[in-house]
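Structure record follows, encoded as C-alpha cells.
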Amino acid sequence: MRLVQGIERCLALAEKAFLFIANSLLFAMLVINFINIASRLLFDKAIIWAFPLTGVFFVWVIFFSFFVIYRRGQDVAIDILTRRMPTRLRAATEAFVAVIVIALMVLVLAQAPVLVPRQVGTIDLIGIQRYWLAVPFFLSCFLIAIEFVLRLRGSIRAFLDIADDQKAVS
Amino acid sequence: MTAVALFGVFLGLIALRTPVIMAIGVAVVGALVLAGFGGTLWIVPMKALEAASNASLLAIPFFVLAGNLMNAIGVTERIFNLANALVGHFRAGLAQVNVLASVMLAGGTGAATADIAGLGAVEIRAMREKGYKASFASAITVVSAIVAPFIPPSIPLVVYAFLANVSVARMFLAGVGPGLLVALSLMLFNRYLATRQDFPTQERASLKEIWGHTLTGAAALVAPAIIMGGILSGIATASEAGVLACAYVIFLGAILRTLTWQALVKALTETVLITSMIMLIIGFAASMGWLMAIEQIPQDMARAIPGMIDTPILFLLAVMISVLLLGCFIDGVTIKLLLVPILLPLVDAYAIDRVHFGIVLQMSLILGLATPPLGLGLFIVARLSGAPFEEIVSAVIPYFIPLLIVLAILATVPAVSLWLPTFFLGPA
Numbered sequence: 028m029r030l031v032q033g034i035e036r037c038l039a040l041a042e043k044a045f046l047f048i049a050n051s052l053l054f055a056m057l058v059i060n061f062i063n064i065a066s067r068l069l070f071d072k073a074i075i076w077a078f079p080l081t082g083v084f085f086v087w088v089i090f091f092s093f094f095v096i097y098r099r100g101q102d103v104a105i106d107i108l109t110r111r112m113p114t115r116l117r118a119a120t121e122a123f124v125a126v127i128v129i130a131l132m133v134l135v136l137a138q139a140p141v142l143v144p145r146q147v148g149t150i151d152l153i154g155i156q157r158y159w160l161a162v163p164f165f166l167s168c169f170l171i172a173i174e175f176v177l178r179l180r181g182s183i184r185a186f187l188d189i190a191d192d193q194k195a196v197s
Numbered sequence: 051m052t053a054v055a056l057f058g059v060f061l062g063l064i065a066l067r068t069p070v071i072m073a074i075g076v077a078v079v080g081a082l083v084l085a086g087f088g089g090t091l092w093i094v095p096m097k098a099l100e101a102a103s104n105a106s107l108l109a110i111p112f113f114v115l116a117g118n119l120m121n122a123i124g125v126t127e128r129i130f131n132l133a134n135a136l137v138g139h140f141r142a143g144l145a146q147v148n149v150l151a152s153v154m155l156a157g158g159t160g161a162a163t164a165d166i167a168g169l170g171a172v173e174i175r176a177m178r179e180k181g182y183k184a185s186f187a188s189a190i191t192v193v194s195a196i197v198a199p200f201i202p203p204s205i206p207l208v209v210y211a212f213l214a215n216v217s218v219a220r221m222f223l224a225g226v227g228p229g230l231l232v233a234l235s236l237m238l239f240n241r242y243l244a245t246r247q248d249f250p251t252q253e254r255a256s257l258k259e260i261w262g263h264t265l266t267g268a269a270a271l272v273a274p275a276i277i278m279g280g281i282l283s284g285i286a287t288a289s290e291a292g293v294l295a296c297a298y299v300i301f302l303g304a305i306l307r308t309l310t311w312q313a314l315v316k317a318l319t320e321t322v323l324i325t326s327m328i329m330l331i332i333g334f335a336a337s338m339g340w341l342m343a344i345e346q347i348p349q350d351m352a353r354a355i356p357g358m359i360d361t362p363i364l365f366l367l368a369v370m371i372s373v374l375l376l377g378c379f380i381d382g383v384t385i386k387l388l389l390v391p392i393l394l395p396l397v398d399a400y401a402i403d404r405v406h407f408g409i410v411l412q413m414s415l416i417l418g419l420a421t422p423p424l425g426l427g428l429f430i431v432a433r434l435s436g437a438p439f440e441e442i443v444s445a446v447i448p449y450f451i452p453l454l455i456v457l458a459i460l461a462t463v464p465a466v467s468l469w470l471p472t473f474f475l476g477p478a
C-alpha cells in the first residue's frame with residue numbers, strides 16, 4: 028500500500044514537472060520567434076537558429092505533454108458502449124484496456140535500443156544530438172505504463188469487490 | 051486483409067473506451083505484425099517522431115495559444131457586445147448575435163470547441179436572461195461554432211493542408227467563403243424560425259453605443275487580420291503569423307489590464323495539452339499511413355472504386371455520407387487522418403481540386419460536433435447550460451436543414467471555396 032502511495036506521489040510530481048517544462052518550452056518558442064521576426068523587420072537580420080530550435084522545443088512540448096494527457100485522463104475516449112455495461116463487466120473492460128496500453132508502452136520502450144542508434148548526428152545550427160528529441164517520448168511512455176499499472180490494479184480491485192458484494196447479496 | 055485488421059481492431063478498441071491515441075497505436079502494431087513487419091515495430095515511434103518534427107504543423111500551437119489567450123483576457127465578452135450592438139435588434143436577435151459573434155471569434159480561435167467554450171457561457175447566459183429556452187440557446191451555440199474551422203486561422207485546415215500537401219494560405223482563403231455561407235444560412239434559418247416562434251426582441255442600439263462597442267470589440271478582430279495579412283504579404287510564415295497574433299493578444303491584455311499571470315499559465319497549459327493531443331494522434335496515425343502506403347491500399351481503392359462510382363459528384367456524395375456517419379462516433383481529426391491518405395489518390399483520379407475536397411470534407415466532419423451520440427459540442431453546451439442532452443439534440447436537429455443545404459452547395463459549386471484563393475494566389 029505504501030509502495031503504491033509512493034508511486035502515486037512520484038507520478039503527481041512528474042506530472043507537475045513535465046507540465047512546467049512543456050509550458051516553459053512553449054513560452055520560449057513564442058519569445059524566440061517574436062525576437063526573430065522583430066530582428067528581421069527592424070535590423071534586416073534573422074536569427075538563423077530560431078527556427079530549428081523552435082522545432083526541437085515543439086517536439087519536446089508534445090512528448091513531455093504525452094504523459095500529462097494520460098495522467099489527467101484528457102485523451103479522447105468513447106464510453107457509449109461501456110457505460111451501458113454492468114459494473115463488473117465495465118471493470119473488466121477497464122482492466123483489459125489498461126493491459127493493452129501497458130503492452131503498447133512496453134513495446135514502444137523495447138524499440139528504444141533500435142531507434143536511438145538510428146537517431147545519430149547533430150541537429151543543424153543547434154548542435155545537440157538528434158536522439159535527444161526522442162528522450163522525453165520514452166520517458167513519457169515509461170510513466171504512462173506505470174500510471175496504467177496503477178489503474179489496472181484499481182480495476183482488478185473494483186472487479187473483485189463487486190464480485191464479493193454480489194456473493195454477499197446472494 | 052491488413053486494412054480490415056487495421057480498422058477492425060481500431061474500431062473495436064474505440065468501442066471498449068480505449069483512448070484514441072492508444073487505439074491507433076495498438077491497431078497499427080497488430081496490422082504491422084499481420085503484414086509481416088513484426089521485426090520493424092520501431093517504425094511506430096519513428097513515425098511519431100517524424101510527424102512531431104514536421105515544420106508545416108508548427109503553426110498549430112501558436113494559433114491555439116492565440117485563441118486561448120483571447121479567451122483568457124476576456125475578449126469574448128467584448129465580441130459578444132459588439133455583435134449584439136450590430137444585429138441584436140434583428141428578429142431572433144440574440145440567436146443572430148450568437149452566429150455573428152462566432153464568426154468574429156473564429157478569427158482568433160480557429161477551433162469550434164474553443165468557440166463554444168469561450169463564447170458559450172456568455173451567449174447562453176444572455177439568451178436565458180432574455181427568456182430564450184436553455185435548449186434553444188445551447189443548440190444555436192453549437193451550430194454557430196461550425197463556422198470556426200473555416201475562418202482563418204483554422205487548425206483543422208492546417209492539418210488537412212499537411213495531409214494533402216497543399217498550401218496553408220490557399221486552404222485558409224478557401225475557408226472564408228464557406229464559413230460566411232454557413233453563417234448566412236444559420237442567420238436566415240433563425241429569421242425563418244422567428245416567424246414561427248415568439249422570440250424575445252430588443253431595441254436597436256444607438257450609433258453611439260455601436261461606436262463604443264466597436265472601439266472595445268474591434269480590437270479583437272485585429273488578430274485574424276494580422277495572421278492573414280502576415281501570410282499573404284510574405285512578411286511571416288504561417289507559424290510566425292501565429293506568433294505575431296499571440297504577441298498582439300498579450301499586448302492587448304496588457305493594455306486592457308486583463309492579462310494575469312494565472313490566466314497566461316492557464317492558456318499555456320490548455321495549449322500544450324490540446325496541441326499535443328492533436329500532434330500525438332497525427333504521430334501515431336503516421337505509421338498507419340506508412341503501412342497503408344506499403345500495402346498499396348489507397349492505390350487498390352483508386353483502381354477499384356472508379357469502376358463502382360462513375361462521377362466525381364457521386365464520389366463526393368459517398369464520402370460525405372460516410373464521413374457524416376463516422377462523425378457520429380469518432381472525432382474529426384482521427385477520421386481525417388484515417389481517410390485522407392486513402393482518399394487522395396481517388397480525389398486526384400476524379401480530378402477534384404484537393405483544396406475543394408478539403409473544404410467539403412471539413413464541412414462533413416464538423417457536423418459531427420452537433421450529432422448525437424458523441425457530438426463533443428453537445429456535451430460542452432449541456433454542461434454550460436444545464437439543459438437536458440435530449441432537449442438540446444431536438445433543438446439542434448432543425449438546423450441540419452440549412453447546414454446540409456450548405457454542404458450540398460459546397461460539394462456542387464467548387465467556386466464557393468476556390469474563388470478567393472484563385473483571386474489572391476492564382477490557379478493551383
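Listed in order, the protein sequences are those of chains A and B.
Just so you know, we're using this note's numbering here: the first sequence kicks off at 28 and counts up by one.
Just so you know, we're using this note's numbering here: the second sequence kicks off at 51 and counts up by one.
Beta carbons: idealized from backbone N, C-alpha and C, even for Gly.
For chain A, is any of its Cβ atoms less than 8 Å away from the one on residue i?
{"i": "B/S283", "result": "no"}
{"i": "B/M96", "result": "yes"}
{"i": "B/I71", "result": "yes"}
{"i": "B/R433", "result": "no"}
{"i": "B/V293", "result": "yes"}
{"i": "B/P274", "result": "no"}
{"i": "B/A211", "result": "no"}
{"i": "B/R220", "result": "no"}
{"i": "B/E290", "result": "yes"}
Closest by CA to residue i, which one among the options?
{"i": "A/A178", "options": "A/V126, A/A195 and A/L166", "result": "The residue you asked about is not Ala; residue 178 of chain A is Arg in the sequence shown. Residue A/V126 is the option with its Cα nearest to A/R178."}
{"i": "B/F113", "options": "A/L40, A/Q193, A/L57 and A/V86", "result": "A/L57"}
{"i": "A/I150", "options": "A/L69, A/E35, A/L38 and A/A77", "result": "A/A77"}
{"i": "B/I123", "options": "B/M72, B/G267 and B/L419", "result": "B/G267"}
{"i": "B/L419", "options": "B/G284, B/A195 and B/M177", "result": "B/A195"}
{"i": "B/F348", "options": "B/V397, B/E320 and B/L309", "result": "What sits at residue 348 of chain B in the sequence shown is Pro, not Phe. Residue B/V397 is the option with its Cα nearest to B/P348."}
{"i": "B/Y242", "options": "B/P477, B/I451 and B/L457", "result": "B/I451"}
{"i": "B/A161", "options": "B/A171, B/Q146, B/V192 and B/S185", "result": "B/V192"}
{"i": "A/F91", "options": "B/T472, B/T264 and B/M329", "result": "B/M329"}
{"i": "B/S444", "options": "B/L82, B/T52, B/L428 and B/L108", "result": "B/L428"}
Work out the CA separation of residue j and residue i for me, nearest whole Å.
{"i": "B/A335", "j": "A/F93", "result": "15 Å"}
{"i": "B/E173", "j": "B/K97", "result": "42 Å"}
{"i": "B/M342", "j": "B/I392", "result": "8 Å"}
{"i": "A/A137", "j": "B/S152", "result": "47 Å"}
{"i": "B/K180", "j": "B/P448", "result": "22 Å"}
{"i": "B/R128", "j": "B/N121", "result": "11 Å"}
{"i": "B/V369", "j": "B/S337", "result": "23 Å"}
{"i": "B/L119", "j": "B/G168", "result": "10 Å"}
{"i": "B/A442", "j": "B/G89", "result": "Per the sequence presented here, residue 442 of chain B reads as Ile, with Ala not at that position. Roughly 50 Å separates the two Cα atoms."}
{"i": "A/G199", "j": "B/M327", "result": "A question about residue 199 of chain A goes unanswered here, because the residues of chain A that appear run from 28 up to 197."}
{"i": "B/I277", "j": "B/I324", "result": "20 Å"}
{"i": "A/D191", "j": "B/V446", "result": "45 Å"}
{"i": "B/P228", "j": "B/P199", "result": "10 Å"}
{"i": "A/R184", "j": "A/R115", "result": "11 Å"}
{"i": "B/Y298", "j": "B/A273", "result": "7 Å"}
{"i": "A/I34", "j": "B/L460", "result": "54 Å"}
{"i": "B/V137", "j": "B/L364", "result": "39 Å"}
{"i": "B/R220", "j": "A/R180", "result": "51 Å"}
{"i": "B/V54", "j": "B/M358", "result": "20 Å"}
{"i": "A/A119", "j": "A/S182", "result": "7 Å"}
{"i": "A/E121", "j": "B/I190", "result": "36 Å"}
{"i": "B/L453", "j": "B/V315", "result": "37 Å"}
Does the beta carbon of residue i come closer than 8 Å to any beta carbon on chain B?
{"i": "A/S92", "result": "yes"}
{"i": "A/D102", "result": "yes"}
{"i": "A/Q138", "result": "yes"}
{"i": "A/L69", "result": "no"}
{"i": "A/F169", "result": "no"}
{"i": "A/G148", "result": "no"}
{"i": "A/V88", "result": "yes"}
Below 7 Å, is the gap between the Cβ of residue i and the nearest heavy atom of the ligand NAD?
{"i": "B/R67", "result": "Among the components of this structure there are no ligands whatsoever, and the ligand NAD is therefore not found."}
Could you run through the stretch 323-343 of chain B and flag, in chain order, every residue whose CB is less than 8 Å away from some CB of chain A? Hits within the stretch, in order: L323, T325, S326, M327, M329, L330 and G333.
Of the residues that make up the stretch 105-130 of chain A, which ones have a beta carbon closer than 9 Å to any beta carbon in chain B? The stretch 105-130 of chain A vs chain B, Cβ under 9 Å: I105, D106, I107, L108, T109, R110, R117, T120, E121, F123, V124, I127, V128 and A130.
Taking any Cβ of chain A, which residues in the stretch 296-324 of chain B have a Cβ under 7 Å from it, in chain order? Here the close residues are C296, A297, V315, L318, T319, T321, V322 and L323.
Segments of 3+ residues assigned as beta strand (DSSP E) that fall wholly inside the stretch 139-175 of chain A: Entirely contained in the stretch 139-175 of chain A, not one beta strand (DSSP E) run reaches 3 residues.
Beta strand (DSSP E) runs contained entirely in the stretch 56-124 of chain B, provided each spans 3 or more residues: None, since the stretch 56-124 of chain B contains no complete beta strand (DSSP E) of that length.
What are the residues in the stretch 30-52 of chain A lying within 9 Å of chain B by C-beta distance? The residues in question are L46, A49, N50, S51 and L52.
Any residues in the stretch 68-92 of chain B with a beta carbon nearer than 8 Å to a beta carbon of chain A? Which ones, in chain order? If the cut-off is 8 Å between Cβ atoms, the stretch 68-92 of chain B has T68, P69, V70, I71, M72, G75, V76, V79, L91 and W92 near chain A.
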